[in-house]
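In the numbering used here, the protein residues as written are 1 to 513.
Printed below as a string of structure tokens:
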């Protein structure tokens, strides 16, 4: 049953991701048309700014997943009840702190953006900030219950709810914008749907799963352990915000809302890319925890990273090659001229992060499961400081492209060079074997697809929807064939064959009836 939850949850995760991306791509021109570049840029900047406060989650969602899995393995229900009570109390506490922190930022908006925003934009920024902050407060406590569902490996329900929410939310966005409402309406809609989702998750956790949140005693050793574990996840979250949101704020402060919109268009593709790489990581954390609890050998942990890393690289490879060869054409037919820099931002970052994402997503789970993620978090925090300095300097000098270069340089230093030394020295991961097995067969498939993509760009007319669709189909077919016959091993093929055969058999049975 748990394996089915993981497999079906993974499929639903990718369906949700694809749905989110398709809707986002379809709606972005529509939203830009109805609210304009200025309001869209404000939305992007404020969203990035509020996301920094979102790290007040302190990584407790992942902490809940780990400790529920740990206590379930020990069959200790009282420990789960007591642990969840402590976590929920802490979530309420940090929500109160969030309100105070948000108030401080609210009164600093003029200082931060006064030079690049006009008075109307500043007024709208304040309204957006308050609404997004309220939305975030709801989301923080909601994340606690999502952690509970993930800890109990109930992935189908939460993914299914999010798919329904995504569809309905965007239907409401279209209706309200057609009625003449502006960017404020989008934030209000998001808040309402988050409240509804919050209620459904609480109901499922407490009524269906019959999860009990009960205070038994104050477990001081556990509190210290959980705080230490969560704190270093929190540091890692801070770093993630610096990597993916810092450029947005810097560009908004240095170059204004229009440049911020261009950067937002470019950075959203690496963020989608990152999301694809982590789509199944939360579902794998309980398994990584169990491996750690059973004192799995270094080679077993390396095998775990190889198996999941290859699957992620095969997915990421398609997205990277597709964006490399048809991404610029897509931006032209999607948004019109003037977004060439958005493609450059996107492709530079995506090339840089591809292999590290395939590795570090699973590597991070191993570190968290073994409670050895402190070094990574501290290291990345230091690198984030370097990123801040580089990004400000480069953004002033080269604008949108410069902001992306700051992210790239810091990513190479922290996520490629230093972390692999740590994996080898402290965790015992066989890095050389990992990389050999990771790219085995996949690189030749990449090369073949790249050659076909290059020829396609040379001989097919560009910048129309029909030519874009044709080029996309050619790249897709080329990649699927090359990765199937050259890249995938028998285990990876079997993962695809089983669900496809199952669906085919069911359809055949229905037709016969």
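Each residue gets a CB set at the ideal place from its N, CA and C atoms; glycine is no exception.
Tell me the residue span of the alpha helix (DSSP H) that contains residue i.
{"i": "residue 203", "result": "183-203"}
{"i": "residue 445", "result": "442-459"}
{"i": "residue 299", "result": "298-335"}
{"i": "residue 160", "result": "155-178"}
{"i": "residue 387", "result": "374-411"}
{"i": "residue 476", "result": "465-482"}
{"i": "residue 420", "result": "419-422"}
{"i": "residue 112", "result": "109-113"}
For residue i and residue j, which I take to be in contact (beta-carbon distance under 8 Å), what is that distance rounded to the nearest angstrom?
{"i": "residue 334", "j": "residue 266", "result": "Not a contact, Cβ separation roughly 13 Å."}
{"i": "residue 137", "j": "residue 166", "result": "Their Cβ separation, rounded to whole angstroms, is 21 Å, which puts residue 137 and residue 166 out of contact at 8 Å."}
{"i": "residue 346", "j": "residue 327", "result": "6 Å"}
{"i": "residue 181", "j": "residue 82", "result": "Residue 181 to residue 82, Cβ: 46 Å. No contact."}
{"i": "residue 214", "j": "residue 85", "result": "6 Å"}
{"i": "residue 325", "j": "residue 453", "result": "4 Å"}
{"i": "residue 131", "j": "residue 184", "result": "7 Å"}
In whole angstroms, what is the alpha-carbon distance linking residue i and residue j?
{"i": "residue 170", "j": "residue 426", "result": "46 Å"}
{"i": "residue 43", "j": "residue 188", "result": "13 Å"}
{"i": "residue 367", "j": "residue 434", "result": "16 Å"}
{"i": "residue 329", "j": "residue 259", "result": "20 Å"}
{"i": "residue 438", "j": "residue 351", "result": "16 Å"}
{"i": "residue 394", "j": "residue 272", "result": "24 Å"}
{"i": "residue 151", "j": "residue 338", "result": "46 Å"}
{"i": "residue 314", "j": "residue 359", "result": "12 Å"}
{"i": "residue 201", "j": "residue 24", "result": "25 Å"}
{"i": "residue 134", "j": "residue 172", "result": "20 Å"}
{"i": "residue 479", "j": "residue 223", "result": "49 Å"}
{"i": "residue 385", "j": "residue 264", "result": "22 Å"}
{"i": "residue 377", "j": "residue 410", "result": "14 Å"}
{"i": "residue 129", "j": "residue 110", "result": "13 Å"}
{"i": "residue 22", "j": "residue 430", "result": "38 Å"}
{"i": "residue 113", "j": "residue 250", "result": "10 Å"}
{"i": "residue 103", "j": "residue 308", "result": "42 Å"}
{"i": "residue 117", "j": "residue 190", "result": "25 Å"}
{"i": "residue 108", "j": "residue 20", "result": "33 Å"}
{"i": "residue 197", "j": "residue 11", "result": "21 Å"}
{"i": "residue 331", "j": "residue 471", "result": "14 Å"}
{"i": "residue 407", "j": "residue 302", "result": "28 Å"}
{"i": "residue 506", "j": "residue 28", "result": "38 Å"}
{"i": "residue 153", "j": "residue 78", "result": "19 Å"}
{"i": "residue 158", "j": "residue 115", "result": "43 Å"}
{"i": "residue 455", "j": "residue 403", "result": "32 Å"}
{"i": "residue 448", "j": "residue 323", "result": "16 Å"}
{"i": "residue 1", "j": "residue 149", "result": "At residue 1, the pLDDT of 48 sits below 50, so the modelled position is not reliable; the number obtained from the coordinates is stated separately. Rounded to whole angstroms, residue 1 to residue 149 spans 15 Å at the Cα level."}
{"i": "residue 174", "j": "residue 34", "result": "10 Å"}
{"i": "residue 336", "j": "residue 473", "result": "22 Å"}
Does residue i come out as helix, strand or coil in the three-state DSSP assignment?
{"i": "residue 129", "result": "helix"}
{"i": "residue 220", "result": "helix"}
{"i": "residue 428", "result": "coil"}
{"i": "residue 121", "result": "helix"}
{"i": "residue 76", "result": "coil"}
{"i": "residue 85", "result": "helix"}
{"i": "residue 1", "result": "Note that residue 1 has pLDDT 48, beneath the 50 cutoff, so the model's placement of it is unreliable and no number is given."}
{"i": "residue 94", "result": "helix"}
{"i": "residue 436", "result": "helix"}
{"i": "residue 357", "result": "helix"}
{"i": "residue 52", "result": "Any reading at residue 52 must be qualified, since the residue scores a pLDDT of 48, below 50, and its modelled position is unreliable; no value is offered."}
{"i": "residue 350", "result": "helix"}
{"i": "residue 498", "result": "helix"}
{"i": "residue 486", "result": "helix"}
{"i": "residue 11", "result": "helix"}
{"i": "residue 211", "result": "coil"}
{"i": "residue 338", "result": "coil"}
{"i": "residue 152", "result": "coil"}
I'd like the list of long-range same chain contacts for residue i, defined as Cβ closer than 6 Å, with 5 residues on each side in sequence excluded.
{"i": "residue 340", "result": "none"}
{"i": "residue 320", "result": "350 and 354"}
{"i": "residue 486", "result": "441, 444 and 445"}
{"i": "residue 467", "result": "460 and 461"}
{"i": "residue 428", "result": "298"}
{"i": "residue 300", "result": "none"}
Leaving aside the five residues before and after residue i along the sequence, list all residues of the same chain whose C-beta is less than 7 Å from its C-beta, in chain order.
{"i": "residue 40", "result": "31, 32 and 261"}
{"i": "residue 495", "result": "none"}
{"i": "residue 275", "result": "17"}
{"i": "residue 145", "result": "201, 202 and 205"}
Going along the chain, which residues of its own chain have a beta-carbon closer than 8 Å to the beta-carbon of residue i, five neighbours each way excluded?
{"i": "residue 379", "result": "414, 418, 419 and 422"}
{"i": "residue 463", "result": "329, 332 and 333"}
{"i": "residue 465", "result": "333"}
{"i": "residue 162", "result": "16 and 197"}
Would residue i pass as an interface residue toward chain B - the criterion being a Cβ-Cβ separation below 8 Å?
{"i": "residue 392", "result": "Looking at the structure shown, chain B is missing, and only one protein chain is on hand."}
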